[in-house]
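Trainee: I have a structure I would like to understand better, so I am pasting it below and will then ask my questions one at a time.
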Amino acid sequence: MTPHPPSTPARPPYPPPFTGQERALAPVAASRAVADGAARASEADPEPAPAHRTYEPRGGLRGLPERIVRGQPADPRWARPALLALLLVTAVLYLWSLSASGYANQFYSAAVQAGSESWKAFFFGSSDAANSITVDKPPAALWPMALSVRLFGLSSWAILVPEALMGVATVGVLFSAVRRRFGAGAGLLAGGALAVTPVAALMFRFNNPDALLCLLMVCAIAVVLRALEDGRTKWLVLAGVCFGLGFLTKTLQAWLILPALAVVYACCAPVALRRRFGQLLLAGLAIVVSGGWWVAIVELWPASSRPYIGGSQHNSFLELTFGYNGFGRISGNETGSVGGGGRPGGGGGGGWGETGITRLFSSDMGGQISWLLPAALILLVASVCLLWRARRAVAAEQAGQRAEFLVWGGALLMTFTTFSFMSGIFHQYYNIALAPYIAALVGMGAALLWRRGGPIASLVLAVTVAATAGWSYVLLNRSPDWLPWLRWTVLALGLLAALGLLLSARAGRRVALLAAGLGVATALAGPVAYTLDTVNTPKGGSIITAGPSVQGGMGGMGGPGGGGFPGGRQGGTWRGNNGGMPGGAPGAGQAGQGAPGQAPSQGAGGGNQGGRPGFPGAMGGLGERGTGRLRGMGGGMGGLLNGSKVSDKAKALLEKDADDYTWAAAAIGSQNAASYQLATEKPVMAIGGFNGSDPSPTLAQFKKYVADGKVHYFIAGGQGGRGSRGGPGGGKGGSSKITSWVEKTFKKVTVGSATFYDLTRKV
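For the sequence shown, position 715 (counting from the first letter as 1) is numbered 705 according to the working numbering, and the numbering increases by one without interruption.
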């Protein structure tokens, strides 16, 4: 640290970073040192202390602003202002033009609206306030948004702002976790890399469950790392609570990284072996309690007085957990799903792309998450090898750093392997789960090798920068007409930075610093450009992606070779016949349409436009390029990927006398129902759940609802339609029977291009 001029007293240097148990005892030691120093000072000199003294954070509320601005005593002065700047930039990035996405995924937005009207719907995660059926996930991710809507009213901002704030919190927690052992610079690099990862920017501005899940997983790892420092049981119990809440967010996906973390703690914790296993058992108990209380209530609650569990075929959350949302995602045998339902063995990925080790580097996935993935893997291997040969003098500190690499690396490898080989439903945005693990490894690995120095460290850093620049060129080249200058700039400057790192041992530290800064800038240039494109493009529907269109992409689904939807994705909107989904009805799903508060559709259009396109039969999964259709589909997607446009006249029709009915209307499939529910803020029954394939309600149940005067209108169209006796994906749903009965029995009402059936007026 540069000394002060002779005219002023020299400031004592900041203490070095604590290690191991020293960090655990640091607060006690610091307080004792301060007390001893004060006592000695008072005895020697009663005068006030000099103006320049070591930073000592004041306790209580009076010292809170100082602690926020200044940060930890061990950090350099620039660390906390830099962190606050990073969080501010992240907040602006995630909040910028947030309302342009409207209601985003209307499937979840409708459940949020229902939860803001009914506490019962809030608790169960119902799709409507009358509690006909739940969403096909547990409800934890809906709760923050529903509370926000209760406070501020139904709007796009009220729904999406909690998601953006979760993104800012995730960046902050990641910084804190990395900083403890690797310094503020490593934390800032990790936090910045996460903030500009395209799929992270996508999902922290959207209302799917993945934002909350990502935050909880980062929190879980952060407290596990604290437990690895001092072996305190409370940290592991807190990690268990995070995993339990993660289960209530997205079921078994939250537990993907559990085995890796448990093994690392069992092998590396600084306590006796018996105590380690006892602590792990307590953490497991915390998982069961924090995640199981809701499951127990739902399973014990009489089925007749609660909503049907969406996504299951037998009204069971446990079935949903281990089937449709669990092992079915691995095998591909997902009864009732869009492309699932009995593909033996589930090999090859079917309708969700080819599986294999290169899956996340493919045209569809690469631009979402893989920008820094090669760098993370290189730095993980190099750092673990370097730390494995720890010198005795610093063995404890290096062992702690090694354990931290194993935690983040284990989480990355477990998730990467699962995503690469799972044959069931897999969307590009799932990759947000990998973003914090990649960012942490890049920040930690770069900081470790930079501090070690020497020819080997310089060589590894140079190879990492060169590989990242080369891979960025490949990813950017998949969109040849989008910022064509960027890929060449990144490649040239990246190779120059790599050369500078190689020569840094001879050229001096100034050259090394310039090369390192240039390397970081080129590594993040591609993700930043993708992220800015994502922020400036409205997103809506069930399948969304970050960044510009890419060559050979499936656009979310499709068969081997990236066939997928005809024409692929262009500028955030599906290209196909009629501007909508292949085989869609005329006028359905065109960009620019949407319900009030809804963004222009980035996905399928409305299923009720132009009559009854329906969703006959199972999807089959494999896209046929250029044909305008998907194999196995006899019509449009009918609102499967996004809701339909609700005209003012249609809205007025449903709102009239709506309070006299339990449900203002009923529609096949959740997306179609969600559009009308969000437009009218009245309950709309989603027959068959998300895919129209759930057996809720049965034809007999629906007839009784109609006879009791509980449903006013039936909205024509929607997925499920007529084409399948049991619904898409092999489900048991009776949506086609209900549709046929309604069409034969009740009077049709046409409002513009939308068709309704008045269930109070028979033909």
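Beta carbons are placed, not taken as given, at the ideal position from N, Cα and C, and that holds for glycine.
List the DSSP bridge partners of Ala657.
Mentor: Ala676 and Ile705
Trainee: Does any residue of chain B have a CB that is nearer than 8 angstroms to the CB of Ala259?
Mentor: Absence of chain B from the displayed structure is noted, only one protein chain being present.
Trainee: Measuring straight from C-alpha to C-alpha, what distance separates Thr750 and Gly531?
Mentor: 32 angstroms
Trainee: Round the Cβ separation of Val432 and Ala365 to the nearest angstrom and send it over; I've been treating them as touching at under 8 angstroms.
Mentor: 5 angstroms
Trainee: Would Leu229 pass as a contact of Ala210 if the rule is Cβ separation under 8 angstroms?
Mentor: The displayed chain sequence assigns Ala, not Leu, to residue 229. A contact, by the Cβ cut-off of 8 angstroms.
Trainee: Using the C-alpha atoms, what's the distance from Ala389 back to Leu370?
Mentor: The alpha-carbon atoms of Leu370 and Ala389 are separated by roughly 15 angstroms.
Trainee: Can the beta-carbon of Thr458 be found less than 8 angstroms from the beta-carbon of Ala506?
Mentor: Taking C-beta atoms as the reference points, Thr458 and Ala506 fail to come closer than 8 angstroms.
Trainee: Give the range of the beta strand (DSSP E) segment to which Val739 is assigned.
Mentor: Phe736 to Val741
Trainee: Between Val673 and the rest of its own chain, which residues show a CB-CB distance below 6 angstroms, the 5 nearest in sequence each way excluded?
Mentor: According to the sequence shown, residue 673 is Pro rather than Val. The answer, listed in chain order, is Asp118, Ala119, Ala120 and Trp653.
Trainee: In three-state DSSP terms, what is Phe351?
Mentor: helix
Trainee: Closest to Gly659 by C-alpha separation, out of Ala642, Ser683 and Asp649, would be which residue?
Mentor: For Gly659, the nearest C-alpha among the options comes from Ser683.
Trainee: Quick check: the Cα distance between Leu141 and Ala81, rounded to an integer number of angstroms?
Mentor: So the alpha carbons of these two residues sit roughly 21 angstroms apart.
Trainee: What did DSSP end up calling Gly246 once you bin it into helix, strand or coil?
Mentor: Rather than Gly, the amino acid found at residue 246 in this sequence is Leu. Looking at Leu246 - three-state DSSP - the assignment turns out to be coil, as it is neither helix nor strand.
Trainee: Sort out for me which residues DSSP pairs Ile123 with in a bridge.
Mentor: Tyr298
Trainee: For Phe680 and Ser302, I'd like the C-alpha separation in whole angstroms.
Mentor: 11 angstroms
Trainee: Looking at the ligand COA, does it come within less than 7 angstroms of Ile211, judged from the CB to the closest heavy atom?
Mentor: Questions concerning the ligand COA fall outside what the structure shown contains, since it holds no ligand whatsoever.
Trainee: Per the contact definition of three or more C-beta pairs closer than 8 angstroms, is the stretch 245 to 255 in contact with the stretch 144 to 151?
Mentor: no
Trainee: Applying the 10 Å Cβ sphere with the 16-neighbour rule, what's the burial state of Ala273?
Mentor: Buried is the call here.
Trainee: Can you give the Cα-Cα distance for Arg349 and Ser413, rounded to whole angstroms?
Mentor: 11 angstroms
Trainee: So the beta strand (DSSP E) Arg751 belongs to, where does it begin and stop?
Mentor: Ala744 to Lys752
Trainee: What do you get for Leu78, buried or exposed, if any count of 16 or more other CB atoms within 10 angstroms of its CB means buried?
Mentor: With fewer than 16 other Cβ atoms within 10 Å, it is exposed.
Trainee: Mapping the DSSP letters down to three states, classify Ser116 as helix, strand or coil.
Mentor: strand
Trainee: Give the single residue among Trp284, Leu504 and Ser469 whose Cα lies nearest to the Cα of Asp523.
Mentor: Ser469
Trainee: In three-state terms, what does DSSP make of Gly303?
Mentor: First, the residue type needs correcting, since residue 303 is Gln and not Gly in the sequence shown. Residue state, collapsed to three classes: coil.
Trainee: Using a Cβ-Cβ cutoff of less than 7 angstroms, which residues in the same chain neighbour Arg216 once the five nearest sequence positions on both sides are dropped?
Mentor: Trp225
Trainee: What do you get for Cys375, buried or exposed, if any count of 16 or more other CB atoms within 10 angstroms of its CB means buried?
Mentor: exposed
Trainee: Return the residue from the list Ile705, Trp731 and Trp291 that minimises the CA-CA distance to Leu689.
Mentor: That would be Trp731, whose Cα lies nearest to the Cα of Leu689.
Trainee: Please list, in chain order, all residues of the same chain as Trp472 whose beta carbon is under 6 angstroms from its beta carbon, the five residues on each side excluded.
Mentor: If we look at Trp472 and ignore the five residues flanking it on each side, its Cβ neighbours are Pro538.
Trainee: Going by Cα to Cα distance, which pick from Thr408, Gly484 and Ala183 is closest to Pro249?
Mentor: Nearest C-alpha to Pro249: Thr408.
Trainee: So, do the stretch 438 to 457 and the stretch 186 to 199 have three or more beta carbon pairs nearer to each other than 8 angstroms?
Mentor: no
Trainee: Can you tell me whether DSSP reads Pro71 as helix, strand or coil?
Mentor: helix
Trainee: Under the rule that 16 or more other beta-carbon atoms within 10 Å means buried, what is Gln541, buried or exposed?
Mentor: exposed
Trainee: Less than 8 angstroms separating the beta-carbons of Val151 and Tyr419?
Mentor: no
Trainee: Using a Cβ-Cβ cut-off of 7 angstroms (strictly less than) and excluding sequence neighbours within five positions of Thr735, which residues of its own chain qualify?
Mentor: Lys752 and Val753
Trainee: Go ahead and label Glu289 buried or exposed: buried means 16 or more other beta carbons lie within 10 angstroms of its beta carbon, across all protein chains shown.
Mentor: Glu289 comes out exposed.
Trainee: Rounded to whole angstroms, what's the CA-CA distance from Phe267 to Phe112? Just pull it up for me.
Mentor: 37 angstroms
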